[in-house]
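In what follows, a structure is listed as structure tokens, so that the remarks can point back to it.
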């Protein structure tokens, strides 16, 4: 099998290709209508098929004789806990929780919010909802009550499933008071709140609507999976929108299950029975697709990790988990590798662990700079695969397809288009561009199975955001280019391109150059207002631990690097050293927030920010260097 033929078949004969992939699953009613369209003239997959994703993730493997295989490993360095669950044990817990939810009045077609830390019960709750056809919306644990209230009012859950607390390196975060405050703020009032008490000392105020998780599970009978239409909404997952109001991405069941099984086999190259670890959170799309549903459908052992790449207890944690649990394929964000690199630049911790089980390292979530990729491969000489996808797509769109053919890696590129995605590069007028010309990244319809169905209760926004700009194509919101070999380079969100005296320049390209400096652990380049040129770039740099380089020397060397590789037109003059970059909890750098601060504009603190205190730190740094509006 080779990539070129495999990919071409998916584009030329999409119905036949995806019909074949759907047959990898056990359907309750096999689909006969493979590809049809909805009222938006938008593709629907397997519309008349019926199945249940919880059945595929658990019951099917038990029926096939794998009930005693380990399904999940909970590894929590913050609580010093490791616990393993077989498929039989997961089924018992999930089917009883599903029975408990039925007893509370939830039924197929209802919605439920899951607001939990990275613990097995979060996955159990997702699977229990899927088992009985309740559409779940996982909200990242620790989101502020205001943000939770917005999501309550949008998806109107009949119940909220939560835990007493999350736990960070240095503190316990009480969840229940935040849930109560969110319900008080929301117009819609959920009927029940199911609370899993972790007994970590967090305050758990009791309300009339509360139900104890353990009592509910152990007092309930096991319940079977219900048969659901392929197009039944499995979940709503909110992602940040430009208006400030989050967008509720709606995912189907049958197309998604097909795409996830396909991803595990052909993109990640994971065999049934192997150990797969996505070091993310169930609150993000990676957690939905590749901590819970994807690995379990593929009969893999999945790892639920409650910790950080550093400081739990140190930068060796990832390597300890890989060695201890014999991880075969791992997925994390480049920002996690950069954090480890900053703490352990010479890879001393790596040498202390047996990583021989690890076949492949996947990276996504933010563009992987070449310096990080090279550092990883220097210390762990296995394929390190940068790949690109979105909450909207639900599974990878650009990648090296490790289960098909391992293609040469081009640093800076996320690889080639994945089967099913006909990716083009357009200019503003919708004309396709030649190789190496940068433009808008778009995908010709129909999108393959598993991608977004719609936005929850907001079809007009769905059409205006994704379909109207280039009719017949999905607009990704990202910029990029293809080279002469069809490798695709993503240069960042379209609004991360800056206009310097009429020249459109990619801040991502500049970041690549800045990150290549030996003293730089991580960086961000943003465009700031300039009276003369409209915008000029500003580099914000976090230096590696133990680096003693003077600011003026670093600034001079970085400016020279950018001039040498882009030219004087880049107009990069200022480099400032900061302690840390503001990021979302999933590791994305908040460049828009940085631009607003430095330009003195009004801004809303994003709900996804990891630590609000960092804003004051950044302001102090801008003041110290007399940058932008702080001159």
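Residue numbers (the working numbering): -13 to 617.
Glycine included, each C-beta is placed from N, C-alpha and C at the ideal position.
Keep in mind that this is a model prediction, so the values were computed, not measured.
Item checked: N-terminal and C-terminal residue of the alpha helix (DSSP H) that residue 4 is part of -> The sequence position of residue 4 within the chain shown is 18, counting from 1. Residue 4 -> alpha helix (DSSP H) spans 0 to 8.
Checklist line | Sub-7 Å separation of residue 252 and residue 387 beta-carbons | finding: Looking up residue 252 in the chain shown gives position 266. Looking up residue 387 in the chain shown gives position 401. Cβ distance < 7 Å, so residue 252 and residue 387 count as in contact.
Notebook entry, point to check: So what does DSSP say about residue 221, is it helix, strand or coil?
Noted result: Reading the chain shown from its first residue, position 235 is the one you call residue 221. DSSP places residue 221 in strand when its eight states are reduced to three.
Check: From this set, 240, 163, 116, 152, which residue's C-alpha is nearest residue 434's C-alpha?
Finding: Locating residue 434 in the chain shown gives position 448, where the first residue counts as 1. When only C-alpha atoms are compared, the closest one is 240.
Margin query: For residue 357 and residue 317, which I take to be in contact (beta-carbon distance under 8 Å), what is that distance rounded to the nearest angstrom?
Written below: Locating residue 357 in the chain shown gives position 371, where the first residue counts as 1. Locating residue 317 in the chain shown gives position 331, where the first residue counts as 1. The pair is not a contact, with the Cβ atoms about 20 Å apart (cut-off 8 Å).
Checklist line | Beta-carbon spacing of residue 296, residue 325 below 7 Å | finding: The residue given as residue 296 occupies position 310 in the chain shown. The residue given as residue 325 occupies position 339 in the chain shown. Yes, the pair counts as a contact, with Cβ atoms nearer than the cut-off.
Next item on the list: Rounded to whole angstroms, what's the CA-CA distance from residue 280 to residue 140? Just pull it up for me.
Entry: Counting from one through the chain shown, the residue named residue 280 turns up at place 294. Counting from one through the chain shown, the residue named residue 140 turns up at place 154. Taking the straight line joining both Cα atoms gives about 27 Å.
Item checked: Residue(s) in a DSSP beta bridge with residue 66 -> Looking up residue 66 in the chain shown gives position 80. Answer is none; residue 66 lacks a bridge partner.
Check: Of all the options -2, 217, 559, which has the alpha carbon lying nearest to the alpha carbon of residue 437?
Finding: By one-based count along the chain shown, residue 437 stands at place 451. Of -2, 217, 559, the residue nearest in Cα terms is 217.
Item checked: Reduced DSSP category for residue 23 - H, G, I as helix; E, B as strand; rest coil -> Residue numbering aside, residue 23 sits at position 37 when the chain shown is read from its first letter. If DSSP states are grouped into helix, strand and coil, residue 23 belongs with the strands.
Check: So which of 560, 616, 41, 61 has the shortest CA-CA distance to residue 304?
Finding: The residue labelled residue 304 in the question sits at position 318 within the chain shown. Residue 61 is the option with its Cα nearest to residue 304.
Check: Thinking C-alpha only, which one of 428, 401, 398, 399 is nearest residue 411?
Finding: As a position in the chain shown, residue 411 is number 425, starting the count at 1. Cα-wise, what sits closest to residue 411 is 428.
Notebook entry, point to check: By DSSP, does residue 102 sit in helix, in strand, or in coil?
Noted result: Locating residue 102 in the chain shown gives position 116, counting from the first residue. Looking at residue 102 - three-state DSSP - the assignment turns out to be coil, as it is neither helix nor strand.
Next item on the list: Rounded to whole angstroms, what's the CA-CA distance from residue 478 to residue 76? Just pull it up for me.
Entry: In the chain shown, the residue the question calls residue 478 occupies position 492. In the chain shown, the residue the question calls residue 76 occupies position 90. Roughly 40 Å separates the two Cα atoms.
Checklist line | residue -13 - DSSP class collapsed to helix/strand/coil | finding: Reading the chain shown from its first residue, position 1 is the one you call residue -13. Three-state result, residue -13: coil.
Notebook entry, point to check: What's the C-alpha gap between residue 406 and residue 418?
Noted result: Within the chain shown, numbered from 1, the residue matching residue 406 stands at position 420. Within the chain shown, numbered from 1, the residue matching residue 418 stands at position 432. Straight-line Cα distance between these residues: approximately 19 Å.
Notebook entry, point to check: Which residue spans inside the stretch 400 to 465 form an unbroken beta strand (DSSP E) run of at least 3?
Noted result: 409 to 412, 425 to 430
Item checked: Uninterrupted alpha helix (DSSP H) stretches inside the stretch 41 to 96 (no shorter than 4 residues) -> 46 to 49, 73 to 89
Notebook entry, point to check: Where does residue 66 land, buried or exposed, given buried means 16+ other C-beta within 10 angstroms?
Noted result: For this step, residue 66 is matched to residue 80 along the chain shown. By the 10 Å Cβ count, residue 66 comes out exposed.
Next item on the list: Have a look at the DSSP bridge pairing and note the partners of residue 346.
Entry: Along the chain shown, one-based indexing puts residue 346 at 360. The partner list for residue 346 (beta bridge, DSSP) reads 315.
Note to self: Quick check on residue 352: buried or exposed, where buried means 16 or more other Cβ atoms within 10 Å of its Cβ?
What the structure shows: Reading the chain shown from its first residue, position 366 is the one you call residue 352. Classification for residue 352: buried.
Checklist line | Candidates 172, 214, 109, 144: closest to residue 131 by CA position | finding: In the chain shown, counting from the first residue as 1, residue 131 sits at position 145. If we check each option's Cα against that of residue 131, 172 comes out closest.
Note to self: Quick check on the DSSP output: the alpha helix (DSSP H) that includes residue 601 runs from which residue to which?
What the structure shows: Taking the chain shown and counting its residues from 1, the one referred to as residue 601 is at position 615. Looking at the DSSP string, the run of the alpha helix (DSSP H) that includes residue 601 is 600 to 611.
Item checked: Any 3 or more C-beta pairs closer than 8 Å across the stretch 576 to 594 and the stretch 496 to 516 -> yes
Margin query: So, for residue 269: in the same chain, excluding its five sequence neighbours on each side, which residues have a beta-carbon less than 7 Å away from its beta-carbon?
Written below: As a working mapping, residue 269 is identified with position 283 in the chain shown. Within the same chain, residue 269 has close Cβ partners 124, 125, 126, 127.
Check: Straight-line CA distance for residue 176 to residue 525?
Finding: Within the chain shown, residue 176 is the residue found at index 190, counting from 1. Within the chain shown, residue 525 is the residue found at index 539, counting from 1. Going from the Cα of residue 176 to the Cα of residue 525 covers about 46 Å.
Next item on the list: Identify the continuous beta strand (DSSP E) that holds residue 479 and give its terminal residues.
Entry: Taking the chain shown and counting its residues from 1, the one referred to as residue 479 is at position 493. Looking at the DSSP string, the run of the beta strand (DSSP E) that includes residue 479 is 474 to 479.
Checklist line | Proximity of residue 373 and residue 400 at Cβ, strictly below 7 Å | finding: Indexing the chain shown from 1 puts residue 373 at position 387. Indexing the chain shown from 1 puts residue 400 at position 414. Taking 7 Å as the Cβ cut-off, residue 373 and residue 400 qualify as a contacting pair.
Note to self: Taking 7 Å as the threshold (C-beta atoms), are residue 598 and residue 563 in contact?
What the structure shows: Walking along the chain shown from the start, residue 563 turns up at place 577. Walking along the chain shown from the start, residue 598 turns up at place 612. No.
Next item on the list: Note down the Cα distance separating residue 122 from residue 328, rounded to an integer number of angstroms.
Entry: Counted from its first residue, the chain shown places residue 122 at position 136. Counted from its first residue, the chain shown places residue 328 at position 342. Computed Cα separation, rounded: 37 Å.
Notebook entry, point to check: Going straight from the alpha carbon of residue 393 to that of residue 595, what length do you get?
Noted result: As a working note, residue 393 is residue 407 in the chain shown. As a working note, residue 595 is residue 609 in the chain shown. Distance between the alpha carbons of residue 393 and residue 595: 36 Å.
Next item on the list: Determine the contact status of residue 73 and residue 57, defining contact as a CB-CB distance below 7 Å.
Entry: Against the chain shown, residue 73 aligns to sequence position 87. Against the chain shown, residue 57 aligns to sequence position 71. Yes; because the gap between Cβ atoms is below 7 Å, this pair is in contact.
Item checked: For residue 266 and residue 277, the rounded distance between their alpha carbons -> Position 291 of the chain shown, counting from 1, holds the residue named residue 277. Position 280 of the chain shown, counting from 1, holds the residue named residue 266. Spanning the two alpha carbons is a distance of roughly 8 Å.
Checklist line | Same chain, Cβ closer than 6 Å to residue 461, neighbours up to 5 away in sequence not counted | finding: Within the chain shown, residue 461 is the residue found at index 475, counting from 1. Cβ neighbours of residue 461 beyond the five flanking positions: 428, 452, 455.
Next item on the list: State yes or no: is the C-beta of residue 422 within less than 7 Å of the C-beta of residue 362?
Entry: Along the chain shown, read from residue 1 onward, the residue named residue 422 stands at position 436. Along the chain shown, read from residue 1 onward, the residue named residue 362 stands at position 376. No, they are not a contact pair.
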